[in-house]
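What follows is one structure encoded as structure tokens, with my remarks underneath.
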Amino acid sequence: MWRDFRKFVAEIERRGDAMVVEGADCDLEIGTLTELMCERRGPMLLFDRINGHPPGYRIAAKPYSTPARTAIALDLPVEASPFEMFKVWRERMQDFRPVPPREVSTGGVMENVMEGADVDLTRFPTPKWHERDGGPYIGTGCAVITSDPEEHWVNVGTYRSMIHDPKTLGMHITPFHHGALHVRKWWSQGKPAPMVVAIATEPYVFLASTNGVPWGTNEYQYAGFAKGEPIDVICGPRTGLPMPATAEVLIEGEMPPPSEVARLEGPFGEYTGYYAGGEQMAPVMRVHAIYHRSDPLLHGEPPLKPPIDTLACPPAGAIHAVWDGLEKSGIPGIRGVYALNTGGGLTTVVAIRQQYAGHARQAARVASGLMHSMCRMMIVVDDDIDPSDPEDVLWAIATRTDPETAFEIQRDCPSSPLDPMIRPERKKGATVSSRALIVACRPWEWRDEFPPVNRSSDEQRRRVREKWAPLFQDPVGRSG
Ligand SMILES: Cc1cc2nc3c(=O)[nH]c(=O)nc-3n(C[C@H](O)[C@H](O)[C@H](O)COP(=O)(O)O)c2cc1C
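All residue numbers for the sequence shown refer to the numbering used here, where the first residue is 15 and numbers rise by one.
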């Protein structure tokens, strides 16, 4: 369990899965290096001596993008497949009860304070990550803290934040996300919304802030339960908001209504692999104070073209909700739910043990109804298929579907302004899209006559492997 982000990063270094890069430039170089290294599933890059910035001002890029690193961050089995990891996570969160945060008087993040005229966001190395980005984005793996002025609860959500100038951040918050709903409530009272952006939080806080926990639930409580102890927070001197005490950087300020000030935000390379949200007028955050640890270690989490993940195992809320919802609806035989395009849920897979005629299609329809965000395909597979393995899933689609009957199209399903298939002029209106339900299961009616799979049985494989063990040893002597 990691008390802060830098301890987690230090552990990745200790395990030899990090590479220090010195002398790189924020203008596209750090972004492209990160992309190239992630594509080859290489070590986490740790940028230091970044051009124009003091040594010790570092960026850890894509720290959670391999299953092993996600497992280390969240205390999950390191050798397990992403699906196995997800099952362990789900089991752990099954009895969720809120663990309230613990207020502490101070933390390492208060070592350095910039206030008033001294506030300067540009002191931190902030990459322009992708070639067409509208500017440098300091908030990629951030946690944005807001409060509900009517119901008096706190939300923590990850929303991208771009530096407009030394004292102003631009932000993209999807209209239905809780942070956006909070902010609008402040505006309807004629007040700017108090706000804190935390950079490089401890892993459980980051996870919670990217997770769709229900309306009214404070993500600190979720993170505290996952961690097994309360999250330490400091009361924001200017906003009163609880700020994560172990973060590396805290940016405190307020977001006035767009009628008062709005600036162009975006484009930004998004998790779908496109710049689909484009450039839009968006509200800004006026920064009143910045607190940071000495030699701050920033968290860089640029979305990259799939299949590169943010979190290599998705304990993501939407998928939880679909799995839980299927079970609660009484549909039997649910063996797993997994989002193949992590974070986006563009392709969601449900594995079931079929028990009656129509069971698989029923599961597909109910699962689709439970999916509130962008989702292009809802695929149902038999339980011999690993729903987290895209190759296994594609094999099932190729060999267990007759497209004429297996594919069903649903119209007008909820989508998002980031949907690359919604034309720009429609993005201001209804962001809906159609969705394919694909039943890629052995046909129930003749399942017993369906051709058997030609993979050797586990017993046969074990016997042969034991007898021929030397053939399966790699050069350093591990048996493969
Ligand atoms: C790395 C990462 C970046 C994200 N960026 C954004 C973003 O810019 N805007 C947004 O609205 N949601 C973004 N999300 C999704 C939200 O953080 C996520 O849906 C979260 O559950 C929203 O929390 P809320 O419902 O409490 O507002 C991002 C998620 C991840 C994992």
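In this text, a Cβ means the ideal position worked out from N, Cα and C, and glycines have one as well. Keep in mind it's a predicted model, so treat the numbers as computed, not measured.
Next item on the list: Mark C249 as exposed unless 16 or more other C-beta atoms lie within 10 angstroms of its C-beta, in which case mark it buried.
Entry: exposed
Next item on the list: Could you tell me the distance, in whole angstroms, from the CA atom of T48 to the CA atom of L59?
Entry: 7 Å
Item checked: Among G254, K319, S273 and R456, the one whose alpha carbon lies nearest that of G283 -> K319
Checklist line | Given V127 as reference, the closest of M435, E439, V301 and I366 once Cα atoms are compared | finding: V301
Check: By DSSP, does D41 sit in helix, in strand, or in coil?
Finding: strand
Item checked: Local Cβ density within 10 Å of W200, reported as buried at 16 or more and exposed below that -> buried
Margin query: Using 8 Å as the cut-off, can you tell me whether the region 337 to 354 makes contact with the region 185 to 205, which would need three or more C-beta pairs spanning the two stretches below that distance?
Written below: no
Margin query: Does the beta-carbon of Y78, which I'm using as the reference point, lie nearer than 6 Å to any heavy atom of ligand 1?
Written below: no
Check: How about P496 and V363: do their beta carbons lie closer than 7 Å?
Finding: The requested residue 496 does not occur in the structure, where the chain is confined to residues 15 to 494.
Notebook entry, point to check: What separation, rounded to the nearest whole angstrom, lies between the Cα atoms of P163 and V170?
Noted result: 15 Å
Next item on the list: Look at E279 and G184 and say whether their C-beta atoms are less than 7 Å apart.
Entry: yes
Margin query: Just to confirm before moving on: does the CB-CB distance between P206 and M269 stay below 7 Å?
Written below: yes
Next item on the list: Assign L325 to buried or exposed, taking buried as 16 or more other Cβ atoms, counted over all protein chains shown, within 10 Å of its Cβ.
Entry: buried
Checklist line | Closest residue to D39 among S95, E98, P139 and A222 (Cα-Cα distance) | finding: P139
Checklist line | Chain-order list of residues whose beta-carbon lies under 7 Å from that of E459 (same chain, five-residue window excluded) | finding: A371
Note to self: Please give the ranges of any beta strand (DSSP E) in the region 401 to 450, keeping only runs that are unbroken, at least 3 residues long and fully inside the region.
What the structure shows: 421 to 428
Margin query: For ligand 1, I want to know if Y173 counts as a neighbour, meaning its beta carbon is within less than 6 Å of at least one of the ligand's heavy atoms.
Written below: yes
Item checked: Given T120 as reference, the closest of M257, Y71, M385 and P57 once Cα atoms are compared -> M257
Next item on the list: Count the C-beta pairs between the region 461 to 471 and the region 378 to 385 that are closer than 8 Å, then say yes if the count reaches three, no if not.
Entry: no
Note to self: I'd like to know if the region 70 to 84 and the region 43 to 57 are in contact, where contact means that at least 3 CB-CB pairs between them fall below 8 Å.
What the structure shows: yes
Check: Is the distance from the Cβ of P434 to the Cβ of A290 below 7 Å?
Finding: yes
Checklist line | For P208, three-class secondary structure by DSSP | finding: strand
Check: In terms of DSSP beta bridges, what is H306 paired with?
Finding: N126 and V263
Check: Smallest Cα separation from A131: which of T182, G70 and E117?
Finding: T182
Notebook entry, point to check: Is C389 helix, strand or coil by DSSP?
Noted result: coil
Note to self: For a test of your reading of the model: does the CB of H192 fall under 6 Å from any non-hydrogen atom of ligand 1? Yes or no.
What the structure shows: yes
Next item on the list: Grab the span of the beta strand (DSSP E) containing L311 for me, first residue to last.
Entry: L311 to G314
Next item on the list: Evaluate the contact criterion for the region 435 to 447 versus the region 392 to 412: three or more CB pairs, one atom per stretch, below 8 Å.
Entry: no
Next item on the list: Could you tell me if the beta carbon of G280 falls within a distance shorter than 6 Å of some heavy atom in ligand 3?
Entry: In the structure shown, ligand 3 is absent; the only ligands present are ligand 1.
Notebook entry, point to check: Who are the near neighbours of T224 in its chain, counting only those whose CB is closer than 6 Å to its CB and skipping five residues on each side?
Noted result: T172
Next item on the list: State the Cα-Cα distance for the pair T160 and M209, rounded to the nearest angstrom.
Entry: 5 Å
Item checked: Anticipated Cβ contact below 8 Å, P297 with A276, distance rounded -> 6 Å
Notebook entry, point to check: Who are the near neighbours of E98 in its chain, counting only those whose CB is closer than 8 Å to its CB and skipping five residues on each side?
Noted result: P91
Item checked: Helix, strand or coil at Y352 according to DSSP, with G and I counted as helix -> strand
Notebook entry, point to check: Cα-Cα, which of Y305, A87, A259 and A335 is closest to Y218?
Noted result: A87
Check: Can we count E125 as close to ligand 1, meaning its CB is less than 6 Å from some heavy atom?
Finding: no
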